[in-house]
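Structure first, commentary second.
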Amino acid sequence: MKVLTHRFLAQITIEAYSAFAINSGKVGLQNDNMVAKDGNGLPYLPGTSIAGVLRHAIDKALENELFGTSGTGNSKAGESKDGFGSRLIISPGLLVGKEGKVVEGLLAIDFEDPFYSLFRALPLRDHVKINSSGSAEKGAKYDEELVFKGTRFVFEIELKGVKEDQNSWEQLLGLLETPDFRLGAGTRKGHGEFKIIHERSTQRVFDLSQTSDLTAYLSKTVSLNLPIPNGVKLNTGKGQSLKGWKKYELQLKAKDFFIFGAGFGDGDVDHITKREKIISWVNHCPKISDEEFILIPATSIKGALAHRVRFNFSKNIDDYIESPKDVYRPYATVDEEKILTELKTIASLENLELYTSDDVFTELESKIRDFDPFKSQSWISFENQLKDEAAVILKIGDQSEESNLAIKTLFGFANNHSQEEQKSSGKGNVIIQDVYLTYKKENDKVFNHVKIDRFTGGAIDGALFQEKAFYGKDQPIDLDIFVKKEALEDPKIKKAWEDTLEDLIQGGIPLGGMTTKGHGFFTGTKKEN
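My numbering applies: residue 293 is where the sequence shown begins, and numbers increase by one.
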């Protein structure tokens, strides 16, 4: 049996560079998903979450070496098992409080304090699945609680091993600085990005065969507020962090106004831009932002890019509406003469033989107040056929392997099939970040809208509404997008993706809400790394 003479120990401070959510599985009164909180009612990072992300990121050989294996022996047959337990110990990540100290142990937290009161009212993000009609899918509207961008946590990671494990240890720590090291849910929606605060992170290797190291190791307490004795600055090999990834650096500038809706209004208007507070740090002590920041959610950017990728890829593989690939062709039949006769009867038109089909609809339009076209049974039957076949088209279209290949490769896909079909899901290979812009009240612009009654020419009662858009022309938007290189190996997928980015920087893809009113057009530049 190998004697584990060394202890590799690191105390790491990480900061959330985007909002994140490690869900507790609980439902709140005001939201559908609540974040995990410790005994003090403050957000924390479960050690299992950190371990799970690290284990998933490493190769199988290193995984077995560090996290252990169940073995392959059969004890009932008299064979000895060769499995062994994990050699890694990972502590939970605890919140760094307002004095720059870790909040550990059960304390009487003053939630009236401006800093701690933030964590009693965490930001919420709304999500909804849109169907082909542009409306919300039934049961697919939900929201989730998130932890603020800028929140800091401290955790420790320890490896029990031998001197030769140094390389494996450095490999493990290097994973903390890769683009896909993200914690919690929605990591492909811009959530869960963390960065190591190197000046507050240390490590040390203890050789327990040496008396001095053994004494130092035994004197180390579990408190995250006490540094590692004689620890050195953490070095994770940041230069290798982009290995396997391609980075696109975009700088966008709004042509004029945009609005990424909050889902509600304020005292002035019905719709406002989404805003969130963030936490900044001065001398390693937290400072709450005086103003909320304009939020451009990664989901809004991702959705727009995904739709355009699908279009560009379909163009690349000659998948046109005139000759769709792997898509069901509708066979709804309509008896035009029968429907026309019914409509003439419903409209009470005299001298039916004098009317052409165009004349009938012109006459129907003049009698629109009294006319109900759905009295025609033939028309109802035809509409039902169309609805049934549209559902089949959508279902088969979603399953079309060739036309959906680019979407599945770049953005992933969920397992929406029964267990018998044994269909797997796939994680997305595109990582897009949330963007925060400085909010300036003077850049707000209120737009008024009203729906006009086409018969009276007046405003329809209850149809007056406003939105408060943001003038963002003077604030450039720096957007980093990471794509796994293996996802771009197919030249047609790569072309569809890069054509899409070109469309975006040329102003061809509007972002945000109310784009049909002229909002949300951007132009910019692109660099590749």
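All residues carry an ideal CB built from backbone N, CA and C; glycine is no exception. The structure presented is a predicted model; accordingly, all values stated were derived computationally and were not measured.
- R474 is bridged by DSSP to E485.
- DSSP links D418 through a beta bridge to D435.
- With a contact defined as Cβ atoms closer than 8 Å, D472 and I785 miss out at about 19 Å.
- Positions of the alpha helix (DSSP H) runs, each at least 4 residues long and wholly inside the region 485-554, are given as 503-511 in order along the chain.
- In the three-state reduction of the DSSP assignment, K787 falls in the helix class.
- In the DSSP secondary-structure assignment, E456 is not bridged to any residue.
- Rounded to the nearest angstrom, the Cβ distance from F447 to I586 is 31 Å, too far for a contact under 8 Å.
- In the three-state reduction of the DSSP assignment, V327 falls in the strand class.
- In this structure A596 is in contact with L803, their Cβ atoms being roughly 6 Å apart against a cut-off of 8 Å.
- It is roughly 25 Å from the alpha-carbon of D795 to the alpha-carbon of K566.
- Three or more Cβ pairs closer than 8 Å define a contact, and the region 571-580 meets that threshold against the region 405-416.
- For R480, no alpha helix (DSSP H) run applies, since DSSP gives it neither H nor E.
- The alpha-carbon separation between Q458 and D505 amounts to approximately 16 Å.
- By the criterion of a C-beta distance shorter than 6 Å, I381 is surrounded in its chain by E450, once the five residues flanking it on both sides are discounted.
- Sorting H576, A302, I580 and G392 by C-alpha distance to the C-alpha of L465 places A302 at the top.
- The C-beta distance from T297 to S511 rounds to 18 Å, too long to meet the 8 Å contact threshold.
- In the DSSP annotation of this structure, G816 is not part of any alpha helix (DSSP H); the continuous beta strand (DSSP E) holding it starts and ends at F814 to E820.
- Contact check for R480 and G704: beta-carbon distance about 7 Å, within the 8 Å limit, so the pair qualifies.
- The beta carbon of V601 lies closer than 7 Å to those of A698, I699, L702, A788, W789 and T792 in the same chain, with the five residues before and after it left out.
- Of all alpha-carbon atoms in L358, L438 and A432, the one lying nearest the alpha-carbon of L337 is that of L438.
- At a Cβ-Cβ threshold of 8 Å, H483 and A349 do not count as neighbours.
- Boundaries of the alpha helix (DSSP H) harbouring G339: G339 to A349, taken from the DSSP string.
- In the DSSP annotation of this structure, A413 is not part of any alpha helix (DSSP H), being labelled neither H nor E.
- Contact between T494 and V514 does not hold, since their C-beta atoms are separated by about 16 Å, which reaches or exceeds 8 Å.
- Taking a C-beta distance under 8 Å as the contact criterion, K538 and E820 qualify as a contact pair.
- Beta-bridge partners of L729 (DSSP): I586.
- Counted as a single uninterrupted DSSP element, the alpha helix (DSSP H) harbouring T701 occupies residues L697 to F703.
- Counting along the chain, A400 sits inside no alpha helix (DSSP H), nor does DSSP assign it H or E at all.
- Going by DSSP, L380 is part of the beta strand (DSSP E) stretching over L380 to I382.
- In the DSSP assignment, A353 falls within the unbroken alpha helix (DSSP H) covering K352 to F359.
- For C577, the closest alpha carbon among the candidates T817, K393, N325 and I769 is that of K393.
- The closest CA to that of K421, considering only L756, K732 and S592, is found on S592.
- In the structure shown, R600 adopts helical secondary structure according to DSSP, grouped into three states.
- Residue D562 holds the alpha-carbon nearest to the alpha-carbon of H741 among D562, G442 and T503.
- Cβ contact annotation for F813 (same chain, cutoff 6 Å, sequence separation greater than five): K547, G799 and P802, in chain order.
- Within the same chain, Cβ atoms closer than 8 Å to the Cβ of T817 are found at L542, Q543 and I797, the five residues on either side in sequence being excluded.
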